[in-house]
Amino acid sequence: MPKQIHLAAHFPGVNNTTVWSDPAAGSHIAFESFRHFAQTAERAKFDFLFLAEGLRLREQGGKIYDLDVVGRPDNVSILMAMAAVTERIGLAGTVNSTFNEPLDVARKLASLDHLSGGRAAWNVVTSWDEFTGENFRRGGYLPKDKRYLRAQEFLATAKTLWDAWDVDEVVADAASGRYLRHGDAGRFEVHSDQFDISGRFATPRSPQGHPVIIQAGDSEEGREFAAASADAIFTRHAELEAGKEFYADVKARLAKFGRRHEDLKILPAATFVLGDTEEEAAENARQVQYQQVGPQTAIAFAEQIWNRDLSDVDPDGPVPSFDPKTSDDVDSGAHISKGRASVRMYKDPVAIAHEWRELGEREGLSLREVVIRKNGRHTFVGTPQRVADTIDEFVQSDASDGFVLVPHVTPGGLDVFADQVVPLLQEKGSFRTEYEGTTLREHLGLKPSPTTVGPAEARA
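Residue numbers (the numbering used here): 590 to 1049.
Shown next as structure tokens:
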């Protein structure tokens, strides 16, 4: 039997993958858009639907960065609504560990797991900048080592809360009038570097016990965190050889945490453009790239590297000949672009500018064309058969366990993949034709979470 592919669908929000100006694009806030997207992914038997989180609207030059889609409501609230209009597909949402509190997050996710019958997942992330922190009472931001420490302790605390109820605590015996088995459910106590809390957790144990835990990160700390605690990890490594290296590295870390190879699924994010022929697909991809990176967007991307106003630069002219203005303190917000995590990757903007300039001069590309070349690439471009074959090759060669697919048009952009690519994967025998389980843990082939820990064991 071939290795089974895991597929998830990301409803793109605050990013320039989305072509909101396309005539086929719909609302990014209306219930109907999320319903259509979720039901399409479920019809195609995807493992889960994923929604990201935005704690603050990003800015550039002191103004809202309005080239992204903005104004999306709370993602957990949307997932709650999707639980009512779907039956099997998993429901995953990003929830920040830096500016939230464990009790509130654990309660929301346990509630989602109850309402969905065991389909909840949590993408655990950290927040890196003071700009986002200004929205919260704590303010500021945490240094990198403290961010991951807080994330680890946050997750451990959430698991303590979820495990505060025994799996069989609720007996609801009408004959005897007895509702709880022990009458002392939910008691917890956590004392750590980041948290000092005690009390009772108000939500009984949910169907999965622990929602599926997802993590995104490529740093050394991120890889270790995923190997120790996550059930799935998102990655940017969607090139075959880079994917194999990342896959082998992260999977090799599992054993020291007492975990098996299959306990962690590795899922790169991927875009796609299809066509009836390879030539048509390539032309469709070119058109999408020019929609994604219009003149304004090209200037905005360049400003994030040059760290200065480039409104007087012609996007259809050459790459600027002058060097960027460097910032020694990006984390504290000393940058023209605020709230975009990508600026942290520009550790040497002068070198990047030289690379862009060299590419433009060598191939006769305008600034906009260079931005497209650097930022507008699609992972899968081709006929449905070519795309299905490529996805299968990645998974069978251990470059990934599947993909998180990000269409460029919502809510209907996933439809063509569901109708044309999924049946080909099913013909190969590497993707399900029906759901075999009811919970997300079952879809992903994960073992059940522990049933009791801590105080619950003492009461047994």
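Think of the CB as a built atom: it goes at the ideal place given N, C-alpha and C, for glycine as much as any other residue.
For His943, no beta strand (DSSP E) encloses it; the enclosing alpha helix (DSSP H) starts and ends at Pro938 to Glu952.
Of the residues assessed, Gly806 falls on the buried side of the cut-off, its CB having 16 or more other CB atoms within 10 angstroms. For the region 681 to 755, the continuous beta strand (DSSP E) assignments of 3+ residues that do not extend past its boundaries occur at 709 to 714, in sequence order. Counting only the Cα atoms, Val995 lies some 20 Å from Glu867. Here the alpha carbon of Leu1029 sits roughly 15 Å from the alpha carbon of Leu856. For Ala597 and Val993, the gap between their C-alpha atoms comes out near 5 Å. Residue Ser622 holds the alpha-carbon nearest to the alpha-carbon of Arg661 among Ser622, Pro1012 and Ala858. Under DSSP, Thr1028 shares a beta bridge with no residue.
For Leu638, the pairing in a beta bridge is given by DSSP as Ala598 and Leu680.
Excluding the 5 residues flanking it on each side, Asp611 has same chain C-beta neighbours closer than 8 Å at Gln880, His997 and Val998, in chain order.
Between Arg776 and Val760, the C-beta spacing is not below 7 Å. For the pair Trp609 and Val658, the CB atoms are nearer than the 7 Å cut-off.
Residue pairing by DSSP places Leu994 opposite Ala598 and Ala859 in a beta bridge. In the structure shown, Tyr836 falls within a helical segment according to DSSP collapsed to helix, strand and coil. Scanning the region 766 to 852 from its first residue to its last, the whole alpha helix (DSSP H) runs of 4-plus residues come out as 809 to 818 and 829 to 841.
Only residues of its own chain outside the window of five on either side were considered, and among them Val984 and Gln985 have a CB closer than 6 Å to the CB of Lys592, listed in chain order. In the structure shown, the three-state DSSP call for Ala891 is helix.
Only residues of its own chain outside the window of five on either side were considered, and among them Leu863 have a CB closer than 8 Å to the CB of Val1005, listed in chain order.
Here DSSP, grouped into helix, strand and coil, assigns Lys1017 to helix. Phe626: member of the alpha helix (DSSP H) spanning Phe620 to Arg632, first to last residue.
Per the DSSP secondary-structure output, Phe911 pairs with nothing in a beta bridge. Per DSSP, Phe1006 has no beta bridge partner at all. Judged by DSSP secondary structure, Ala923 falls outside any alpha helix (DSSP H); it is assigned neither H nor E. Distances from the alpha-carbon of Asp752 to those of Asp978, Lys840 and Gly798 put Gly798 closest. Residue environment: Ser1038 is assigned as buried (16 or more neighbouring CB atoms within 10 Å of its CB, all protein chains considered).
Excluding its 5 nearest sequence neighbours in each direction, Ala988 has C-beta neighbours in its own chain below 7 Å: Leu829, Gly832, Lys833 and Tyr836, listed in chain order. No Cβ-Cβ contact shorter than 7 Å links Ala1007 with Thr715. Contact check between the region 668 to 681 and the region 703 to 713: three or more CB pairs, one atom from each, fall below 8 Å, which counts as touching.
Just so you know, the alpha carbons of His850 and Leu843 end up roughly 7 Å apart.
Distances from the alpha-carbon of Lys936 to those of Ile894, Phe784, Leu646 and Ser926 put Ile894 closest.
Looking at the backbone, the Cα of Leu731 and that of Lys1017 are separated by about 47 Å. With a contact defined as Cβ atoms closer than 8 Å, Lys634 and Arg1021 qualify at about 5 Å. For Gly971 against Ala613, the beta-carbon gap comes to about 21 Å, at or over 8 Å, which does not count as contact. Looking from the CA of Ala827, the closest CA among Phe969, Asp718, Glu690 and Glu719 belongs to Phe969.
With fewer than 16 neighbouring CB atoms inside 10 Å of its own CB, Tyr768 falls in the exposed class.
At the C-beta level, Ala871 and Arg957 stay beyond 7 Å of one another.
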